[in-house]
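The opening residue of the sequence shown carries number 348 in my numbering; numbering runs sequentially from there.
Working notes for the structure below.
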Amino acid sequence: MIVNMSAGATKEQIEHVMDRIKECGFLPHLIQGAERTVIGVVGKNRGRRSEVEALRVAPGVEDIISISQPFTLVSLQLQPQRTVVDVKGVKIGGPELVVMAGPCSVESREQLMETARGVKAAGAHILRGGAYKPRTSPYDFQGLGIEGLKILAEAREETGLPIVTEVMGVEDLDAVVEYADMMQVGARNMQNYPLLRRLATVPRPVLLKRGPSATIKEWLLAAEYLLSGGNPNVVLCERGIKTFDAELRNTLDLAGVALAKELCHLPIVVDPSHATGRRSLVPAAARAAVAIGADGLIIEVHPCPERALSDGPQSLDLPGFAAMMKGLKPAIAMVAAGR
Ligand code: PEP
Ligand code: MN
């Protein structure tokens, strides 16, 4: 439920409503907008709903809306202004498209430095790179771990690009927090609730990838874990879902991006690399993502994809990335013109 306070509601009236929500067994979540105050009523269904509904006649209350969706804090109904997430000065969800780029895995100092310099020169805003890798096979390269994090930090030092990197489990969380500017939750971990609960308490923005088999509702509820636990700085990432068609690694759910934007105030970025699995399709999928309203892109780039230790076939090389960035310009201009 959402309690809309009237424009002239006083501090005392707002406090009274918050107290009553608590007495009824729920948690109030205050959103103070420029013009009016909205209070989200969150918590388990054990609370006494009908008593909260009776607040409709309390002084200062304009309306109480029952929301049909199971999520509240991520809902655009609760917070009509879109969230802008700040990653060390890079603003995701504002008017500028944000591009995160870098290798699937950090493989060596030389590989990462060359990629970082190249993507920065081509206009990327954030450097990506996995130090802890969730690989389908236990025999595949598993990432450099702490060593990889140190190399990422060195690349940030030299280029000034903030870094986003994956945290695979609660056991690695402290190490990743120490180095990362943004914590990536991988697709396979979208419903790792102990990890989400811990990430809700860390002072870092989170990039929450959609699980390959997750519905939009499940994805937004995973984000709700982060917000309800105290971390409002969440960026969603659509990275392709499993469908019946095995021609492509995944199927890019572009309509899902548009729907998630209709339902939720969080920024959304698209990962055309994992969504297609094919280098040749990445630029077109990236343009389509921009056109449908994505707030950003995350792109895999490797200086020599044929030698990559993970995801070479979907990685752009540096000239390919620069060409993709150039090719985005008409789509970016089109979206800006439509605003
Ligand atoms: C990655 O970003 O390299 C990755 C493993 O992505 P996903 O979790 O989407 O599979
Ligand atoms: Mn990858």
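Backbone N, C-alpha and C define an ideal beta-carbon position, used for all residues, glycine too.
All of these numbers come straight from a predicted model, not from anything done at the bench.
DSSP places glycine 603 in the helix class (H, G or I) of the three-state scheme.
Selection Glu505, Ala641, Asp664, Ile645 evaluated against proline 652 yields Asp664 as nearest (Cα-Cα).
By the criterion of a C-beta distance shorter than 7 Å, glutamate 461 is surrounded in its chain by Pro650, once the five residues flanking it on both sides are discounted. Between the segment 628–642 and the segment 608–618, the count of C-beta pairs closer than 8 Å reaches three or more; the two stretches touch. For alanine 534, the shortest C-beta to heavy atom distance toward the ligand PEP is below 7 Å. Distances from the alpha-carbon of isoleucine 378 to those of Val388, Leu491, Glu494 put Val388 closest. In this structure glutamine 428 is exposed. Its beta-carbon is surrounded by fewer than 16 other beta-carbon atoms within 10 angstroms.
CA-CA distance, cysteine 371 to glutamate 400, rounds to 10 Å.
Counting only residues of its own chain and dropping the five nearest sequence neighbours on each side, aspartate 658 has a CB closer than 6 Å to the CB of Cys451, Glu647. For the pair tyrosine 572 and arginine 551, the CB atoms are not nearer than the 8 Å cut-off. In this structure, the straight-line span from the alpha carbon of threonine 483 to that of glutamine 489 is close to 10 Å.
A distance below 8 Å separates the beta carbons of arginine 456 and isoleucine 498.
The ligand MN approaches glutamate 647 closely enough that one of its heavy atoms is under 7 Å from the residue's Cβ. Here the alpha carbon of lysine 480 sits roughly 23 Å from the alpha carbon of glutamate 504.
Beta-carbon to beta-carbon, glutamate 513 and glycine 533 are separated by about 5 Å, close enough to satisfy the 8 Å threshold.
Considering only Gly667, Ile588, Leu656, Val549, the residue with the shortest C-alpha distance to alanine 631 is Gly667. For the 8 Å CB-CB criterion, isoleucine 414 and isoleucine 349 form a contact. Here DSSP, grouped into helix, strand and coil, assigns valine 431 to coil.
Tryptophan 566 is a Cβ neighbour of leucine 583, given a cutoff of 8 Å. Excluding five sequence positions before and after leucine 420, the CB atoms of its chain that fall closer than 7 Å to its own CB belong to His376, Gly387, Val389, Glu571, Leu574, Ser575, given in chain order.
Each residue's CA atom was taken as its position, placing glutamine 424 and aspartate 487 some 44 Å apart. With a minimum length of 4 residues, the unbroken runs of alpha helix (DSSP H) contained wholly in the segment 418–470 fall at 456–468.
Glutamate 382 and glycine 407 have their alpha carbons spaced roughly 14 Å apart.
The alpha-carbon separation between leucine 644 and alanine 500 amounts to approximately 21 Å. The Cβ atoms of methionine 447 and glutamate 409 do not sit closer than 8 Å to each other.
Boundaries of the alpha helix (DSSP H) around glutamine 360: 358–370. Secondary structure note for leucine 546: its alpha helix (DSSP H) is the uninterrupted segment 540–546. At least 8 Å separates the beta-carbon of glycine 477 from that of alanine 463. When the beta-carbon positions are compared, asparagine 580 and valine 553 come within less than 8 Å of each other.
Runs of beta strand (DSSP E) with 3 or more residues, each lying fully within the segment 373–404, are found at 374–379, 384–389, listed in chain order. Shortest gap from the CB of glycine 477 to any heavy atom of the ligand PEP: under 7 Å. Counting only unbroken stretches of 4 or more residues, the alpha helix (DSSP H) elements lying wholly within the segment 487–527 are 493–506, 520–526, in sequence order. In its chain, beyond the 5 residues on either side, Thr506, Leu508 have a beta carbon closer than 7 Å to the beta carbon of lysine 467. When secondary structure is reduced to three states using DSSP, glutamine 661 falls in the helix class.
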